[in-house]
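Colleague: Residue numbers for the sequence shown follow the working numbering, so the first one is 1 and each next one is one higher.
All C-beta atoms, glycine included, are put in the ideal place defined by N, C-alpha and C.
Being a predicted model, the structure only gives us computed values, none of them experimental.
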Amino acid sequence: MTPEEQEQLRGLGDACYQNTFASIITNTIHGATALGVLIEIQLLNIKTWREPKAIQFLCCVILVILLTAFVCLASINELVQIQPGIGRELHTAPHDFLIINEVLEFLSPLQILVGDFVICWRAWVLLPYDKFWRFILMTTMLANIGVNIACAFWQIFLMGQFTLPLEVMDWLSVALSLLVNLLATLLIGWKAWAHYLTMREVSIWRKSHGQKILLLFVESGALFLVIQLFELIGQLGVTLDSAGEGSSAFSAIAVFAQNLWTASAVFYPIAIVILIHSNNSPIAESFHLTAQLQTANVT
Numbered sequence: 001m002t003p004e005e006q007e008q009l010r011g012l013g014d015a016c017y018q019n020t021f022a023s024i025i026t027n028t029i030h031g032a033t034a035l036g037v038l039i040e041i042q043l044l045n046i047k048t049w050r051e052p053k054a055i056q057f058l059c060c061v062i063l064v065i066l067l068t069a070f071v072c073l074a075s076i077n078e079l080v081q082i083q084p085g086i087g088r089e090l091h092t093a094p095h096d097f098l099i100i101n102e103v104l105e106f107l108s109p110l111q112i113l114v115g116d117f118v119i120c121w122r123a124w125v126l127l128p129y130d131k132f133w134r135f136i137l138m139t140t141m142l143a144n145i146g147v148n149i150a151c152a153f154w155q156i157f158l159m160g161q162f163t164l165p166l167e168v169m170d171w172l173s174v175a176l177s178l179l180v181n182l183l184a185t186l187l188i189g190w191k192a193w194a195h196y197l198t199m200r201e202v203s204i205w206r207k208s209h210g211q212k213i214l215l216l217f218v219e220s221g222a223l224f225l226v227i228q229l230f231e232l233i234g235q236l237g238v239t240l241d242s243a244g245e246g247s248s249a250f251s252a253i254a255v256f257a258q259n260l261w262t263a264s265a266v267f268y269p270i271a272i273v274i275l276i277h278s279n280n281s282p283i284a285e286s287f288h289l290t291a292q293l294q295t296a297n298v299t
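#1: Kindly indicate which residue of C120, L113, G234, S75 has the alpha-carbon position closest to the one of A150.
#2: Under a Cβ-count criterion, where at least 16 other Cβ atoms within 10 Å of its own Cβ denotes burial, should L9 be classed as buried or exposed?
#3: Could you tell me which of I62, L104, P109, V118 sits nearest to Y268, measuring between CA atoms?
#4: Using a Cβ-Cβ cut-off of 7 angstroms (strictly less than) and excluding sequence neighbours within five positions of I253, which residues of its own chain qualify?
#5: Work out the CA separation of A74 and L214 for me, nearest whole Å.
#6: Are there 16 or more other CB atoms within 10 angstroms of the CB of V61, so buried, or fewer, so exposed?
#7: Is I86 helix, strand or coil when you go by DSSP?
#8: From A184 to Q6, what distance separates their C-alpha atoms?
#9: Is the distance from the Cβ of W133 to the Cβ of L127 below 8 angstroms?
#10: Quick one: grab the DSSP three-state call for D130.
#11: Helix, strand or coil for T20 per DSSP?
#12: Which same chain residues end up closer than 8 angstroms to E89 when comparing Cβ atoms and leaving out the 5 residues on each side of it in sequence?
#13: Give me the Cα-Cα distance between P3 and C16, rounded to the nearest whole angstrom.
#14: Using 8 angstroms as the threshold, is the stretch 221-234 in touch with the stretch 134-146, meaning 3 or more CB pairs across them?
#15: Give the DSSP-derived three-state secondary structure of L262 in the structure shown.
Put into structure tokens, the structure is as follows:
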């Protein structure tokens with residue numbers, strides 16, 4: 001066996017390992033997401049239907065549809081790749097393989113964008129009168145949408161026509177998604193602190209259910225930030241190592257970080273919606289306590 005054949009076998013083994021690991025994560029999160037949507041449907045049937053709930057339910061359904069399409073196409077893609085005749089160059093691949101890859105390039109950022117929208121929305125509804133922070137949040141989200149769509153467009157249509165490395169677009173999209181979550185988490189933390197001060201003024205010292213949900217939003221947002229930071233470090237490492245030979249261990253870590261982030265970006269927003277509808281809304285409770293405080297001050 002020649003050294004070239006050994007290198008090809010090693011590359012094939014690494015690819016099979018990474019694809020298998022990615023499939024396990026993707027299918028697991030797909031099942032958890034479907035279960036989460038069923039729980040959300042049950043919660044929505046219990047309570048009255050309103051426009052915000054319709055938006056949340058629509059986002060969850062879109063996430064499930066996108067994730068289902070991604071899982072199905074990714075599985076088909078794996079079957080196409082193992083057919084004989086797949087060469088080393090992309091232009092030698094079958095036409096079906098290229099079409100599936102192009103669709104997958106759009107599905108992945110769409111899932112992340114829908115998830116980021118839910119994360120952005122949770123902070124948006126808690127700031128009904130803070131137009132400045134709403135504007136900052138909206139601007140950051142629009143920039144996130146633009147970069148993710150541009151990244152997918154770049155991968156499909158503009159690869160090789162410009163000198164900008166693809167890895168730069170990848171870590172930039174991760175960085176903007178991280179910025180959206182960071183801003184939303186900080187704003188929710190600020191709202192949680194204001195909620196706590198309001199409850200102190202009306203002499204309520206125990207933690208209410210709404211306050212617990214707000215704190216859980218902050219804690220879960222911080223955990224998601226850690227996952228996003230892990231993915232950002234992986235993308236930056238790939239960018240810095242793109243000129244070198246690379247390491248199979250580092251590549252495996254980068255693939256794990258990417259799949260963990262993608263899976264979390266899909267499941268985390270659905271978990272947020274379930275938390276919102278699990279019991280009392282922190283928004284309604286905060287408004288109720290504020291009105292109670294104003295009444296007490298008048299009397």
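Modeller: For this structure:
#1: L113
#2: exposed
#3: V118
#4: G234
#5: 36 angstroms
#6: exposed
#7: Low confidence applies here, because I86 scores a pLDDT of 45, under 50, leaving its location unreliable and the question unanswered by this model.
#8: 49 angstroms
#9: yes
#10: coil
#11: helix
#12: Low confidence applies to E89: its pLDDT is 45, below 50, so where it sits in the model is not reliable, and the reading given next is rough at best. Contacts found: none.
#13: 20 angstroms
#14: no
#15: Reading off the sequence, residue 262 comes out as Thr, not Leu. It is helical.
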